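Each remark here refers to the structure printed beneath this line.
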Amino acid sequence: EMRTSCTVKKLLIEDDVIKALETTAGAFSADNIIVATGGLSYPETGCTGDGYAWAKACGHRVVKPEAALVPVKLKDAWTAEVSNFNLKNVRISLCVDGKKVDERFGEAFFTRAGIGGPIILDMSSSIRDELKKGDVKLLLDLKPAVATELFDKRLQRELAEQCNQEFGKSLGGLLPRDMIPVFLRLVGIDPKKKCHSVTKVERQRLLKLFKELELSVSSCAGFRKAIVTSGGVSLKDIDMRNMRSKLVKNLFFAGEMIDLDGPTGGFNLQECWSTGYLAGISAAET
């Protein structure tokens, strides 16, 4: 039997067994109960986090739910000028107090508010945790396949080959067209300046932009932008062999209710499917 337009208010427990569900349409009983109410991400689907409150009321430990796999907001306003610009095969390092604490290689893209994409999503939990401690910066390496010294030689070669060209017109072989105006402004070199007049100091500034473009993080996006929710019912309170609660005999958990999340790439969907299957089979056989 399926019930719709019916909100569960609480679990009625007696002697460590759920005797019934109290709902807006009355009380319902069942041999076993599976709580698979999701996390707090995608609120448009109706997820409200009620399941966490029910779990707490039963005595379960609940790790604070947080938005995970989210884009990042930056203080750098110029990213809005290149929003939706894809960054392929780049390296991004997470830096705190000048020390690299995380590093990823892959794809990202700028947004109106900051930066997103697979490698940012996977770093977002680390970024969120470090933001609680202080300032966080990202270093973007646009040419990770080329060592800094070798790329400096390439810059020298590009400038020498275009020695009589205006600097502002010399970056076409190194940068996508949409990025050039931003780079010219950030590097602080007069675009009308002839390439042969670009100094070593100016070239070093340009090199740093390519290899260590500094981005200042202001915050991580919230649940409305989150792909998954981290946190949830502690794994210490669940028998992972069958997804049964260790505290309530006929209660099972599945999906984002559990303190279990992973990187992008389908891992979180697989976690939901696998725990849901295991909880369902276990509840049916009990």
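So the sequence shown is residues -17 to 268, counted in the numbering used here. C-beta: ideal position from N, C-alpha, C; glycine also. Since the model is a prediction, treat every value here as computed from it, not as a measurement.
Please classify residue i as buried or exposed, where buried requires at least 16 other C-beta atoms within 10 Å of its C-beta.
i, result
"P47", "buried"
"D219", "buried"
"T93", "buried"
"G248", "exposed"
"S198", "exposed"
"P158", "exposed"
"H178", "exposed"
"N68", "exposed"
"S23", "buried"
Going by alpha carbons, who is nearest to residue i out of the options?
i, options, result
"N66", "D160, Y259, L124 and D241", "D160"
"K175", "P158, L153 and L189", "L153"
"F87", "S75, I97, V44 and S179", "S75"
"D221", "A261, G214 and S11", "A261"
"N14", "K82, I109, C29 and D(-2)", "D(-2)"
"G20", "R226, V215, E267 and P245", "V215"
"A129", "R73, K82, A7 and G98", "R73"
"P53", "F234, E26, G258 and G96", "G96"
"F10", "C(-12), A127, G170 and L122", "C(-12)"
"H42", "V230, T268 and A18", "V230"
"A7", "K(-9), G170 and A39", "K(-9)"
Please classify residue i: does DSSP put it in a helix, a strand, or coil?
i, result
"R86", "strand"
"E148", "strand"
"V215", "strand"
"T6", "coil"
"I102", "helix"
"D32", "helix"
"K81", "strand"
"V199", "strand"
"E48", "strand"
"S227", "strand"
"V164", "helix"
How would you write the range of the beta strand (DSSP E) that residue i sits in, first residue to last?
i, result
"R73", "N68 to V78"
"E194", "No beta strand (DSSP E) holds E194; DSSP gives it neither H nor E."
"I15", "I15 to V17"
"L122", "K119 to D123"
"K135", "Taken as a continuous stretch (DSSP letters only), K135 belongs to no beta strand (DSSP E), being part of the alpha helix (DSSP H) at T130 to E143."
Let's see if you can read the secondary structure: which residues bound the alpha helix (DSSP H) around residue i?
i, result
"F234", "Looking at the DSSP string, F234 is not in any alpha helix (DSSP H); the run it does join, the beta strand (DSSP E), is L233 to F235."
Is there contact here, the region 182 to 192 with the region 131 to 138, by at least three beta-carbon pairs under 8 Å? yes
The region 238 to 258 contacting the region 57 to 72, beta-carbon criterion three pairs below 8 Å: no
Is there contact between the region 229 to 242 and the region 202 to 216, where contact requires at least three CB pairs shorter than 8 Å? yes
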